[in-house]
Structure formats: C-alpha cells, structure tokens
Amino acid sequence: MTDAADTLSPAASGPAIVMTAAGLVKRYGHVVALDGADFELARGEILAVVGDNGAGKSSLIKALTGAEIPDRGHIHLDGSEVHFKNPLSARLSGIETVYQELAVATQLNITQNLFLGRELRKPGILGTLFRQLDKARMQRQAADHMRNLGIRVQSINQKVETLSGGQRQAVAVARAAAWGRRVVILDEPTAALGVRETNQVLDLIIRVRDQGLSVVLISHSMPNVFQIADRIHIHRLGRRAAVVSPKTTSRSDVVAVMTGALEPSAVASALINQSVGIGR
Ligand SMILES: Nc1ncnc2c1ncn2[C@@H]1O[C@H](COP(=O)(O)OP(=O)(O)O)[C@@H](O)[C@H]1O
Ligand SMILES: [Mg+2]
Numbered sequence: 008m009t010d011a012a013d014t015l016s017p018a019a020s021g022p023a024i025v026m027t028a029a030g031l032v033k034r035y036g037h038v039v040a041l042d043g044a045d046f047e048l049a050r051g052e053i054l055a056v057v058g059d060n061g062a063g064k065s066s067l068i069k070a071l072t073g074a075e076i077p078d079r080g081h082i083h084l085d086g087s088e089v090h091f092k093n094p095l096s097a098r099l100s101g102i103e104t105v106y107q108e109l110a111v112a113t114q115l116n117i118t119q120n121l122f123l124g125r126e127l128r129k130p131g132i133l134g135t136l137f138r139q140l141d142k143a144r145m146q147r148q149a150a151d152h153m154r155n156l157g158i159r160v161q162s163i164n165q166k167v168e169t170l171s172g173g174q175r176q177a178v179a180v181a182r183a184a185a186w187g188r189r190v191v192i193l194d195e196p197t198a199a200l201g202v203r204e205t206n207q208v209l210d211l212i213i214r215v216r217d218q219g220l221s222v223v224l225i226s227h228s229m230p231n232v233f234q235i236a237d238r239i240h241i242h243r244l245g246r247r248a249a250v251v252s253p254k255t256t257s258r259s260d261v262v263a264v265m266t267g268a269l270e271p272s273a274v275a276s277a278l279i280n281q282s283v284g285i286g287r
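Residues are numbered in our numbering as their position in the sequence shown, beginning at 1, plus a constant of 7.
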C-alpha cells in the first residue's frame, strides 16, 4: 500500500499498455547484460519472460524496478517516462517485485507480513503521536485480501513459519498484489515448489491478473508458462528476440528461439503496440 491507496484492493484502469521499455542497455564491465532490450506489458495480462541462463532476464527486471539503473534506454509507465533511482521509487509507482529467495518474514504472522513496513496506525493522536498500530484494521483487511485471492489459511494470525512452502509463496504474492497498484513481477515463484503447490500458486497468479493487475512471470518452466501466460517475451543475448502467443506458438518453437535454433522472424509477433517508436 502506498500513500495514494487506502485499502488492500488494487484498481486498474487506463490504456491497454501499462509499461514499456525501449533500447535498454546495461553493462557490467565488459559484460553486456542488456543490449538494447525492449519490453511491453499490457494491462491485466500475464507476460512470461523466458530465456536461457545469462540472457539478461534478471537484468531486465532490475532495470524495470529500480534495482539497477540502465546505462541507456527509456522506460514508460502509463505513458509517462520514469527514471527509477531505487526499488522504493518503483514501489511508490505501483510496481511490486517478489524475488526468488523467500520474500516473507517467517517469524511474523500473515497480517504482519502483508503490512510489513507499511503498518496502519490508529486514527487520531494514538496513531500520530503514540504510533499505536491499528491491529484490528490490519487483520480485517488482511482477512479480506486473502479471501479475495482465494488463499485458504487457518488464521491470518498464524506465523508464516507454520505454513507450507506454497502457502508462504502465496503470502509473498498476496503482499505484492496488495501493494502493487499496477505491476507485480514474480521471479521464478514456483522454482522451489512441488506440483500441487505450484498449481496453487499458478491459480493465485491468475486471480491476481483477474483483479486487473499486470503480472510479469519469469520462469524456466515451459509447462507453467504455457499453462497461464497470455503472452511470452523471449529474451536472448541481452535483448527481446520475440513476443509470441502461447495459443499460436508451440513450446518447441519458443525453446528454439530461446536457444537461437530458430530465427525470431519465424514466429508470429504478438506485440500489442506495433507502432514504431513507442516508448521512445
Ligand atoms: N552484477 C553483475 N556483475 C557482473 N555481471 C553481471 C551482473 N549481473 C549480471 N551479470 C551478467 O550479465 C549477464 C546477464 O545476466 P542476468 O541478467 O542475470 O541473466 P538471466 O537472469 O537471464 O540468467 C550474464 O552474463 C551475467 O553474468
Ligand atoms: Mg536471472
């Protein structure tokens, strides 16, 4: 939740494209991690980002979320150019990221995790002067939020260490969905999970999308990607090689473009905004 929002429910409206990047360059010494990368994220879609190890997926996400500042290129959010200086400035613009390493505090309960760093204070002098937490309001909102996302837990006062791996990841995703007003970015959210838990998290990602948020899903799992992605951004050698639809492009063709066995031009483009110069 940012200062602009007062509840845990996201709202989405506006043009079809929420975020674009054009010509992103990021060098680490002699290594070119991003070599003129473009990016396009539509409102209310699940965009999978796939690519070989070292293709530059994490570098792309870091550039989009203020974790790294690109050497060149432009990023637009809802049509306005943005220059994120750090992850906080991206968060304040409504972009939340869940990193692969568990993004929850296990010794805290679910409500405390959802409001971590953004606790609600009691109204009036108790909150402003004495900084008293409004636990009842946080518990109410946390319960509503978890229910809206269809995440079942025994109690929102349950410590996260008592949850299964899938439930913990669900709390991390729920937290991002609660505060991300525009974009939720998930880096390999199911990498450490079994089949059943993976499916629960995939279902949750679909519900987050259905609330109107845009989801970027970095994943190595082609089955997962083909199960839930609306579009697939294929990253190769530091740039976007192609954007395809899982409905019209086969898994083997996606892998072939990823590895360079197939020319990107051989797969149909699923770019939404085809106009030259968008986001520049
Ligand atoms: N902080 C860094 N310092 C030096 N090289 C880096 C750094 N981060 C990434 N790289 C290099 O940039 C390239 C892209 O990395 P990365 O974005 O992590 O790819 P991916 O996430 O697709 O595996 C790789 O060659 C990687 O070794
Ligand atoms: Mg990576």
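Just so you know, even glycine gets a beta-carbon here, dropped at the ideal spot from N, CA and C.
Span of the alpha helix (DSSP H) around residue i
i	result
Leu-67	64–71
His-152	142–155
Asp-194	Not the alpha helix (DSSP H): Asp-194 falls in the beta strand (DSSP E), residues 190–194.
Asn-206	202–217
Ala-179	172–186
Ala-263	258–266
Buried/exposed call for residue i, threshold 16 Cβ in 10 Å
i	result
Gly-86	exposed
Thr-113	exposed
Ser-276	exposed
Glu-168	exposed
Asp-194	buried
Gly-173	buried
Arg-287	Confidence at Arg-287 is low in this model, with a pLDDT of 38, below 50, so its placement is unreliable and the value that follows should be read with caution. The residue is exposed, with fewer than 16 neighbouring Cβ atoms inside 10 Å.
Lys-33	buried
Ile-76	exposed
Thr-9	Unreliable placement is indicated for Thr-9, whose pLDDT of 41 sits below 50; no coordinate value is reported for it.
Val-138	Just to set this straight, residue 138 is Arg in the shown sequence, not Val. Arg-138 comes out exposed.
Pro-196	buried
His-37	exposed
Ala-23	exposed
Gln-161	exposed
Ile-309	Coverage of the chain is limited to positions 8 through 287, which leaves residue 309 absent and any answer about it impossible.
Leu-136	exposed
Asn-231	buried
Ser-132	Residue identity check: residue 132 is Ile in the sequence provided, not Ser. When all chains shown are included, Ile-132 counts as exposed.
Residues sharing a beta bridge with residue i, DSSP
i	result
Thr-3	Since the first and last residues shown for the chain are 8 and 287, residue 3 lies out of range.
His-242	Arg-247
Leu-55	In the sequence as presented, Leu is not what sits at residue 55; that position holds Ala. According to DSSP, Ala-55 bridges with Leu-224 and Ile-239.
Lys-166	Asn-116
Glu-103	Val-191
Glu-88	His-83
Arg-34	Val-39
Arg-138	Note: Arg-138 sits in no beta bridge, so no partner.
Arg-159	Looking at the DSSP assignment, Arg-159 forms no beta bridge with any residue, so it has no partner.
Arg-128	Leu-140
Terminal residues of the beta strand (DSSP E) in which residue i lies
i	result
Glu-75	Glu-75 -> no beta strand (DSSP E), and no H or E assigned at all.
Minimum Cβ-Cβ distance from residue i to chain D less than 9 Å
i	result
Glu-168	Although the question refers to chain D, the structure presented lacks it and comprises just one protein chain.
Original post:
Listed in chain order, which residues are found with a beta carbon closer than 6 Å to a heavy atom of ligand 2?
Top reply: Lys-64 and Ser-65
Original post:
Does the segment 35–52 come close enough to the segment 211–223 that 3 or more CB-CB pairs lie under 8 Å?
Top reply: yes
Original post:
When the Cβ atoms of the segment 199–212 are set against those of the segment 166–183, are three or more pairs found closer than 8 Å?
Top reply: yes
Original post:
Looking at C-beta atoms only, is the number of pairs between the segment 70–87 and the segment 142–153 that lie closer than 8 Å three or more?
Top reply: no
**OP:** Indicate whether the contact test is met: 3 or more Cβ pairs, each with one atom in the segment 264–275 and one in the segment 233–251, closer than 8 Å.
**Re:** yes
**OP:** Report yes or no: do three or more beta-carbon pairs, one from the segment 95–105 and one from the segment 118–128, lie closer than 8 Å?
**Re:** no
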